[in-house]
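Chemist: Below is a structure I'd like to ask you about.
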Amino acid sequence: MGETQEDMSQAVKLYKALGEPTRLKIALLLVKESNLCFTAIGEKLESVAGSTLSHHLKQLTDSGLIDFKKNGSFIHYNVNREMAVKFAPYLLG
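Under the working numbering, the first residue of the sequence shown carries the number 1289, and numbering increases by one thereafter.
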């Protein structure tokens, strides 16, 4: 086993984040449609409250699975493909 302690710790964070169904839906959505803003993600998920969506996005960004870029007052989210390939390749399949 060539995994470092850091890799194992990162994998645990990522799998914990994906263990919640709404966060998994968000990750799968961002694989299909990159560069979505908060509002667009919320509209596509429909039944998720704004505060809940914010919490889920924070968990996913903290896990390293998604990245964000600020563009004025908007924040756009994308899947970190390097992390997905390394720890969750099924998302990309």
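Glycine included, C-beta positions come from ideal geometry on N, C-alpha and C.
Pick out whichever of HIS1343, ILE1314, VAL1319, GLN1347 has its Cα sitting closest to the Cα of GLU1331.
Modeler: The residue with the shortest Cα to Cα distance from GLU1331 is ILE1314.
Chemist: Just to confirm the assignment, what range does the alpha helix (DSSP H) spanning TYR1255 have?
Modeler: Lying before the first or after the last residue shown, residue 1255 is absent from the chain, which here runs from 1289 to 1381.
Chemist: Between the C-alpha atoms of ASN1366 and GLU1291, what's the straight-line distance to the nearest angstrom?
Modeler: When rounded, the distance between both Cα atoms is 26 Å.
Chemist: At which residues does the alpha helix (DSSP H) containing VAL1336 begin and terminate?
Modeler: First-last for VAL1336: undefined, no H or E at that position.
Chemist: In this structure, how does DSSP classify LEU1316 when only helix, strand and coil are distinguished?
Modeler: The answer is helix: DSSP assigns LEU1316 an H, G or I state.
Chemist: Note down the Cα distance separating PHE1326 from GLN1293, rounded to an integer number of angstroms.
Modeler: In a straight line, the C-alpha of PHE1326 is about 33 Å away from that of GLN1293.
Chemist: Considering just the uninterrupted stretch of the beta strand (DSSP E) at ASN1366, what are its terminal residues?
Modeler: That run of the beta strand (DSSP E) goes 1362 to 1367.
Chemist: Between LYS1357 and PRO1377, what straight-line distance do the alpha-carbon atoms span, to the nearest angstrom?
Modeler: Approximately 23 Å between the Cα atoms of the pair.
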